[in-house]
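J.: Protein chains in written order, with this note's numbering: chain A, 1 to 382; chain B, 1 to 382.
Ideal Cβ placement from N, Cα and C applies to all residues, glycine included.
Protein chains: 2
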Amino acid sequence: MKISILGTATTKFGELWNISPRALAKEAMISALDASGLKAHQIDALFVGNMLSGILGNQANLGSLLVEELGVNIPAFRIEGACASGGLALHNAVNSLKAYQYRTALVLGIEKMTDHSQDEITNALMAAGSDEERLAGATFPGVYALMAQAYMQKYKVTEEDLAAVSVKNHYHGTLNSKAQFQFEVSISDVMKSSKIADPLKLLDCSPISDGAAAVVITSDENSKKIKNNVYIAASEVATDTLSLHDRKSFTSLESVVKASNNAYKKTGIKPKDIDVSEIHDCFSISEAIATEDLGFSEKGEGAIDIAKGKRTLFKGDIICNPSGGLKACGHPVGATGIKQIVEITEQLRGEAGKRQVEKAKIGLTHNVGGSGTVAAIHILRS
Amino acid sequence: MKISILGTATTKFGELWNISPRALAKEAMISALDASGLKAHQIDALFVGNMLSGILGNQANLGSLLVEELGVNIPAFRIEGACASGGLALHNAVNSLKAYQYRTALVLGIEKMTDHSQDEITNALMAAGSDEERLAGATFPGVYALMAQAYMQKYKVTEEDLAAVSVKNHYHGTLNSKAQFQFEVSISDVMKSSKIADPLKLLDCSPISDGAAAVVITSDENSKKIKNNVYIAASEVATDTLSLHDRKSFTSLESVVKASNNAYKKTGIKPKDIDVSEIHDCFSISEAIATEDLGFSEKGEGAIDIAKGKRTLFKGDIICNPSGGLKACGHPVGATGIKQIVEITEQLRGEAGKRQVEKAKIGLTHNVGGSGTVAAIHILRS
């Protein structure tokens, strides 16, 4: 069965203090429906990826709440797996279509974070962590800093090499009107920015963001009417331990290796076939490691390849994060996995405007929760 | 495709102050695996139904956390839809098998509530409610009391009639060694118990509970080896508005009517074919209304039929809540939907011991979130 993507939409990502979570979600849902040419009553189910609504806003039952906004009473689910909630929601939606349970589903990712204090947010995000890391005071920048230290030492990579990830993604962000940050940064800007957790500096870290993204997927005849049809060729998920200290390697995420290998195996697509991808660059080190785990770069060469421009729009081979990634487009955690799908769909349809990757036919999204504790990999093709 | 239930397990339900949520979940998962004759590495995915772990314990990413307890790194998901989280988790697990994405899945429902103060719990449970009802101070007992008032007035039903639900379910609870309350109550006990929200009294209300339940489901050849095989004939979900005031009727839940009608339609099973069912009796009024919405009783006769003994073990026709229901077995919210499946599976296998429904062949579970905002209906048959 072919699962096609009909309409897609994202809201602006950023500090959106003048809109409620409910209105933000509705904006993305209605825009995705409009783009699909469908009305709410033509949707069979809603899948919502969200991490923090309960913890920060004491609002559960988000699926039911949001179908009410659409004025329908279809089945609705909230799926949560930390920052991979969006990817996991899509995975369950895809399964429900393949099961012939539903024909057309709306998949929403939503997070509203910036209304809360930095301490509240830091504490809430640690909900994705392990007891041991919390007791040790190891927040996510701290945990990823450990990976960066291990990676730099093992492969003789410099802080400047890692900084190239942020430089690239900020450049891409200037081409995306939905991005939280639409300005460039230089290697020197990254190097001079405040230390967060050595060797990670402020400009190695993705921001706290508000945003929502939505896609309509379908297994039925609607898909034949789409110009430049894009479909989901693979949807794979895998997990790893919560704590870094329980893993064999600090410089590779087993969850990503496993999920992406399954996706490659099921589709026959190879890493070199990928034209464009959206990577979960919560920190600069994450993108470097991801490009290796996904098979885009050799071990130890991910950061170097990025620094050489091999992942950059207009001159790279496998373009990573044309949206600006989590770093520049922003990281409303539950929305990220769906925003990645929106970006890749636009790329494969040739509708990505100023940031269009030429002749993009096959794309991949890489959405991770915790410190790589869970990974959702999707392969899309035109 | 036939989806079979392999092993099932529940922990004791009650105030379990000497065990952590993690250990409680592990106990249920390991017991269900043992009952299935499978090892953790033979499971393809874990689906976790949980409502409050984030809000009460600041712990998200429960899927990943709990597969780590099993020592595997399979795909894992947390599904949330208030008190229907268990039923929704099973629904997504069933879809993933029908999609041929996974062959065997472990589905867990878990909630740990009693470690927290009454105020914390009340506040956390209101996370399933609407803004308007919260602003009005309408907690769930208050909202269900409104339904009870409307029902009693419309159908000339008395408080004593509603009390019969609790009397029946407490009687059933005396036959269930896992139940939180294993003692009988009389109509007079219910009538004399403290008023909570007129006309609902303490003994009309299900308790705050800890507990976990798990089932292993499979689409593959394993199922042929099971003695007394039980399979999931239907898994249907529907929603309704969050707020009672937005609904056409206070005496019927559209979510339940819609989901159960779909389940009946897809299976060809009729309400009168059901031998045994587990009903979401969060309040006595809920079971009365549910038996009507499910087609077991005529409109306005649900409570009367219960009072007449038509839903009681050993003398009823369609037996409701042999486990003791939410009222006597307990209501650890995320666990409830899975505990219902465990109970019906045991009934259909003829393994329910002292509370066995004779010749039970077809069973139904009715799991509801919020004030009927979401409903998950499963039909099981031997």
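How many angstroms separate the CA atom of B/L62 from the CA atom of A/G81?
T.: Rounded to whole angstroms, B/L62 and A/G81 show a C-alpha spacing of 7 angstroms.
J.: Using DSSP with H/G/I as helix, E/B as strand and the rest coil, what is B/D210?
T.: strand
J.: When we look at the beta-carbon of B/M1 and count the other beta-carbons within 10 Å, is it buried (16 or more) or exposed?
T.: Its Cβ having fewer than 16 others within 10 Å, B/M1 is exposed.
J.: Check each residue of the segment 50 to 83 of chain A: if its Cβ is closer than 7 angstroms to any Cβ of chain B, include it; give the result in chain order.
T.: M51, G54, I55, N58, Q59, A60, N61, G63, S64, L65, V67, E68, N73, I74, P75, A76, F77, R78, I79, E80, G81, A82
J.: At least one CB of chain A closer than 7 angstroms to the CB of B/G334: is that the case?
T.: no
J.: Whole angstroms are fine: how far does the CA of A/A84 sit from the CA of A/V256?
T.: The alpha-carbon atoms of A/V256 and A/A84 are separated by roughly 12 angstroms.
J.: Helix or strand or just coil, what does DSSP make of A/G37?
T.: coil
J.: Tell me the residue span of the alpha helix (DSSP H) that contains B/L392.
T.: Residue 392 of chain B is absent from the model: chain B starts at 1 and stops at 382.
J.: Is it buried or exposed for A/Q153, if we count other Cβ within 10 angstroms and need 16 for buried?
T.: exposed
J.: How about B/H172 and B/N321: are their beta carbons less than 7 angstroms apart?
T.: yes
J.: Can a CB atom of chain A be found closer than 7 angstroms to the CB of B/S96?
T.: yes
J.: Is the distance from the Cβ of A/I344 to the Cβ of A/G363 below 7 angstroms?
T.: yes
J.: So, does the CB of A/L313 fall closer than 7 angstroms to a CB anywhere in chain B?
T.: no
J.: Check whether the segment 324 to 334 of chain A and the segment 177 to 184 of chain A are in contact - that is, three or more C-beta pairs closer than 8 angstroms.
T.: yes
J.: Measure from the C-beta of B/V374 to each C-beta in chain A and report whether the shortest distance is under 7 angstroms.
T.: yes
J.: Cβ closer than 8 angstroms: which chain A residues qualify as neighbours of B/L123?
T.: The sequence shown places Asn at residue 123 of chain B, not Leu. The answer, in chain order, is N58.
J.: Taking the straight line between their C-alpha atoms, what separation do you get for A/D317 and A/K310?
T.: 6 angstroms
J.: My output table needs one value for B/E301: the three-state DSSP class, helix, strand or coil.
T.: coil
J.: Contact between the segment 84 to 101 of chain A and the segment 7 to 25 of chain A is defined here as three or more beta-carbon pairs at a separation below 8 angstroms; is this criterion met?
T.: The answer is no - the segment 7 to 25 of chain A does not touch the segment 84 to 101 of chain A, with fewer than three Cβ pairs under 8 angstroms.
J.: Anyone know if the C-beta pair for A/A290 and A/L200 falls short of 7 angstroms?
T.: no
J.: Can the beta-carbon of B/R355 be found less than 7 angstroms from the beta-carbon of B/L175?
T.: yes
J.: Is the distance from the Cβ of A/P386 to the Cβ of A/G302 below 7 angstroms?
T.: Residue 386 of chain A lies beyond the range of chain A shown here (1 to 382); nothing can be said about it.
J.: Excluding the 5 residues preceding and the 5 following B/R78 in the sequence, name in chain order all residues of the same chain whose CB lies nearer than 7 angstroms to its CB.
T.: V48, N50, L62, G63
J.: Report the residues of the segment 212 to 244 of chain A with a CB closer than 9 angstroms to any CB of chain B, ordered along the chain.
T.: S235, E236, V237, A238, T239, D240, T241, L242, S243
J.: Would you say B/A128 faces chain A, with C-beta separation under 7 angstroms as the test?
T.: yes
J.: Does the CB of A/A99 have a neighbour CB from chain B at under 7 angstroms?
T.: yes
J.: Is A/Y231 closer than 7 angstroms to A/I379 when the C-beta atoms are compared?
T.: no
J.: Would you tell me roughly how many angstroms separate the C-alpha atoms of B/A45 and A/A164, rounded to the nearest one?
T.: 37 angstroms
J.: By Cβ distance below 6 angstroms, which residues in the same chain neighbour B/L97 in space, the five residues on each side in sequence not counted?
T.: I3, S219
J.: Tell me whether the segment 27 to 42 of chain A and the segment 29 to 42 of chain B touch, counting them as touching only if at least three CB pairs, one residue from each stretch, are closer than 8 angstroms.
T.: no
J.: Starting from the beta carbon of A/L294, find every residue of chain B whose beta carbon is closer than 9 angstroms, and list them in chain order.
T.: Residues of chain B passing the Cβ test: none, with the nearest at roughly 17 angstroms.
J.: Alpha carbon to alpha carbon, how far is B/M65 from B/L24?
T.: Just to set this straight, residue 65 of chain B is Leu in the shown sequence, not Met. So the two alpha carbons sit approximately 13 angstroms from each other.
J.: Any contact between the segment 117 to 129 of chain A and the segment 264 to 278 of chain A? By contact I mean 3 or more CB pairs, one from each, below 8 angstroms.
T.: no
J.: Mind listing which residues of the segment 243 to 260 of chain B have their C-beta closer than 9 angstroms to chain A's C-betas, in chain order?
T.: Within the segment 243 to 260 of chain B, the residues whose Cβ lies closer than 9 angstroms to some Cβ of chain A are S243, D246, E254, S255, K258, A259, listed in chain order.
J.: Output the distance between the C-alpha atoms of B/C89 and B/L162, rounded to the nearest integer angstrom.
T.: Sequence check: residue 89 of chain B is Ala here, not Cys. Whole-angstrom Cα-Cα distance: 31 angstroms.
J.: Against chain C, does A/N92 count as a neighbour if the rule is that its beta carbon must be under 7 angstroms from one of theirs?
T.: Among the chains of the structure shown, chain C does not appear; the protein chains present are A and B.
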